[in-house]
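So the sequence shown is numbered by this note's numbering: it starts at 3 and just counts up by one.
Structure first, then comments.
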Amino acid sequence: MDSHGSSLDHAQSQLSGVEKVSCGWHKPTHSRSSSTASSRHSRLNIKDWEVMDDFPVDLNLTGENMQDANTPGICEGYLMKRRKWPLKGWHKRYFVVDKGILRYSKNQHDFSKGKMHGALDVSLAVMSVNKKARHIDLDAGDILYHMKAKTPDLYYIWVTKLSAHRMHKKNEAAQVHNGFLQALSQSSNLSHKNSPMQEMGTSYVGEPLPCVNPAVNGKVSAWLQTQEPDICAQELTRCQIELNELQRLVQKLHSLESGQMINNGDLQRIISMQNLLLDKPKKKSGKIWGHSHTLSRAEALGMLSSSHLTSSAHLGTSVPSIPDYVSTQATPPASTSSESKKLHQDICSMSLKVHASLRTAHEALAQERQRLQDTWSSRELHQTTSAQINNLCSLAESGSGRSLSFHAPSVADSGAEYFDACDELMCASSSEMSDESGLSDGSSNSEPDEAHAMASRKYRASLSKAPAKLNSIKNTGRRTTLPAVCPDNSHVGLMTILYNNIGKDLSRVSMPAALNEPVCLLQRLCEELEYSDLLDTANHTDDPYQRMVYIAAFAISGYATAQYRNRYKPFNPVLGETFECIREDRGFRYISEQVSHHPPISACHAESNNFNFWQDQRWKNKFWGKSLEIMPTGMVNVTLKNYGDHYEWNKVVTCIHNVLSQQRYLEHYGEVIIRNLKSSVCTCKITFVKSRYWGSDGSKNEVQGQVLDETDNIVHRFGGFWHEGIFCDTLPNLQCIWKPNPQPKNYMTYYGFSSFAMEMNELTPDLKPLLPPTDTRLRPDQRLLEEGKIEETDKKKDEVEEKQRERRKILAKRGEEHIPRFFRKTLDAAGKEVWLYNGTYWKIRDNAGFVNVKNLELW
Ligand SMILES: CC(C)CCC[C@@H](C)[C@H]1CC[C@H]2[C@@H]3CC=C4C[C@@H](O)CC[C@]4(C)[C@H]3CC[C@]12C
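Right under this line is the structure:
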């Protein structure tokens, strides 16, 4: 992962801190990497940033003395918070950190009413601070907060408090882990001294693992390190947010003094929720409200959305069919202030119990999951079942009333952002840096945009009915699978690599081949042409607006493959490496070349009777501690032969969430603007919608777009999902514009490749003599990986990389610069540096052939 290596250096700096014993904060061994910091804090000095070290975990704390061990107090007050992407600037928000959870509201009043804008578990976040600018950043993977204190004193207080909460919560988590490991060790008589965690020199739990069966121990420790802190704790955070909602509703209930109208359905829901939430009946002495059922119900009432509660009629009369005891218990008495006070107290104490039981449930689930993890031996089972489990989870969540407080993320989310944005505007002047980050900060208080939600449901339903294109099933005469299945790299874990390379510049650390897939970035860019038929269609569509719809669908289709491709990374091409792809069946030929090494730039060009396609891509990376954002800077270009159109568009941000763990997933977000440089008749705007919560919603990967005329009127509207397809409901006949091809059989055992990707690196005997020796297909390490020879790949990869370094040294000695062979650097109309195909590749190939010309020797 050369290109991302420097970013990962940042993670290393936190990790190195695990070994240190400290209770304050100090400069990490390595400061924030320049690639990260320079782009992220463009106007702030990188050197002023510090990554807060992870705190040592003291395992001598037992359950009891844990309580005594200075549970940090609540800290609350106003801080400036950077506004959510895409808005710029800062606004004042009221923050409270309590028991390791940082929550915020618009103001203190909202907070006291339980009206939360967001919450984050500080123990799971990477915390970076800038004393000079009084900035505090918390990155929890999915959620990212940028905060700023008004005064140095406030800054000091917050940093200290947040740190204390982080440490305390981590201690708590470590205790659970430790207890679990101890339980495991007790159940095993086998002794094993060198557990993987010990070998790493540091262990998450701070002391050597107990003696356990080595296989189990290895799996457990790897899992505890890489997975549990992410997902389970995210779940816990969600529970916490739900409890906020509960609290808010409880308060509302409380304020409803004497009368409420609750209908039959509500009561049933209350009862079933009571069953779901409280496994054991709670003992409670009591008068009218002291009955255990009543208390449970009171708690469950809090889970109802406010729309279920009105203050008009009396319950008793509206629910004649409900069993008497329920009815009587639920009928609010004429309230006296002491009674309502009592009710309030009961509700509060019950809320605490709900919290405790959810917490216990979570711990039990975590352990259960561990057992499952151990028994999962088949990779395929693992992969396919994860998706199913996600679905089940979302069903279970909605069944248990979660949906009451969590709206399915959709464009409604942007509504949340505007909600957040329209008050207390403090942007412009106070804006110190632009918020380029597309990361959501997890607010959940927006009302769903029902119209939008309906539209996306409609798109999805229409898409599911649309048949897949036939050409995907057509026999191309090419291979349909790879020679060997992909290696299991779940054990590799970037964490381990980071541990083993503390102190080194990670961009120079060669990553194990098991992390690679047998295609390189030049081939990965070619994969963007999988749905080139959309360009063919565009070239035969007279209406310019409709034409634009097809171009837009093509721009979106290039992202589809990402759905299954987050476990492996493509090879980084060496400087001068090339890749050609001739597809008679699709009517195009493609050539690409690695034209620069620092920064890495891949240029490509494809031509057909219908279109030309070219782009040069380079990326900026931002590493946020848990997630890595890839920001492509080059433009994509397409010209259509029949109409002389020249379309140009930008690419969106791709974010690898949870990059260090097996819970990694990709998300694309941002806006794409497609312009036709030859005509201003229409433009197109596509929004890749950010998802708010991982795995629990149906609107993940959502895309929406509009084709606009010269005066910005919407001519066409389309939407869908970048992994499922695009539907346009403004074309003469409602139409599915594009749908991804079905994945080949057993694709998960073949790197998640599509059929098109499987074909990418195929080397047939008749093709071999026609290729230049620089073609990726001839790259030996990649070939070895494709054949499943992982150890040999590692060795060969080192050799290829070493050879590249030597070539560079020789050039530097001679004072020469590498000159790309098939692309030339030039400036576009906007004065930006671009790489254009120089026409020589196909000339040589079609005439003299590469055997008759001088070629670079790359490996
Ligand atoms: C540690 C490893 C195994 C994590 C996996 C990293 C993978 C998911 C990363 C590494 C390089 C990344 C690619 C780099 C560049 C681009 C071009 C951009 O226009 C679209 C996204 C795309 C195609 C990225 C997709 C995600 C990617 C393939």
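Just so you know, even glycine gets a beta-carbon here, dropped at the ideal spot from N, CA and C.
Top-ranked residue by Cα proximity to residue i, from the options
i	options	result
E819	H599, T641, A831, G727	H599
G120	W861, K134, D144	D144
L146	N109, K798, W160, L104	L104
R620	L81, F590, N652	N652
K866	V717, T641, Q708, L662	The structure shown does not extend to residue 866, since the chain is modelled only from 3 to 861, so the question has no answer here.
S757	L360, L122, A135, E532	E532
Y843	C583, T482, G636, K94	C583
Y749	L89, S165, L484, I632	L484
F723	E803, R462, G851	R462
Y864	S534, K805, Q737	In the structure as shown, the chain begins at 3 and stops at 861. Residue 864 is therefore absent and cannot be evaluated.
P775	G578, T766, C730	G578
Same chain only: Cβ atoms within 6 Å of residue i, ignoring 5 sequence neighbours per side
i	result
V597	I603, A605, P822, F825, W837
R168	V124, S125
S130	W51, V53, D139
G790	A486
E673	T689
Q706	T689, G721
S610	G589, F590
P520	N763, Q784, L787, E788
E862	There is no way to answer for residue 862, as the model of the chain reaches only from 3 to 861.
T387	Any answer about T387 is weak, because its pLDDT of 41 lies below 50 and its placement is not dependable; what the coordinates show is given next. Nothing meets the Cβ criterion.
V655	G440, E631, M633, Y671, G672
H148	R84, D139
I792	P489, A515, A516
W616	H607, N639
R677	E650, T685
Y157	R136, A151
Neighbour-count burial assignment, residue i, 16 or more Cβ in a 10 Å radius
i	result
G754	buried
I76	exposed
S638	Correcting the residue type first, residue 638 is Val in the shown sequence and not Ser. So V638 ends up on the buried side.
W696	Annotation note: pLDDT 44 at W696 (below 50); position unreliable, coordinate value reported separately. Classification for W696: buried.
E230	In this predicted model, E230 has a pLDDT of only 43, less than 50, meaning its place in the structure is not dependable enough to derive any value.
R807	exposed
K86	buried
M82	buried
S205	Because S205 sits at a pLDDT of 32, beneath the cut-off of 50, its placement in the model cannot be relied upon, and the point is left open.
N623	buried
V161	buried
K770	exposed
N735	exposed
I675	exposed
A814	exposed
G560	buried
I728	buried
Neighbourhood of residue i by C-beta distance below 7 Å, restricted to the same chain and skipping five residues each side
i	result
V855	I846
N840	F824, F825, R826
F113	Y96, V98, S107
K643	N541, N611, N612, F613
H725	A562, Q565, N703, P742
S594	L524, L527, C528, T580, F581, S604, A605, C606
D830	V836
D777	T580, F581, E582
Residues that DSSP places opposite residue i in a beta bridge
i	result
C583	Y592
H648	T641
S130	V53, D139
V99	C77, L104
D144	Looking at the DSSP assignment, D144 forms no beta bridge with any residue, so it has no partner.
G721	Q706, F729
W92	R84
M633	K622
A121	R105
Contacting residues, own chain, Cβ-Cβ under 8 Å from residue i (five flanking each side not counted)
i	result
V494	P514, A516, L517
T543	R549, Y552
R481	M760, E761, E764
N47	K134
Item to complete: Any chance you could list the alpha helix (DSSP H) runs of at least 4 consecutive residues sitting entirely within the region 729-811, in chain order?
Response: 757-762, 782-788
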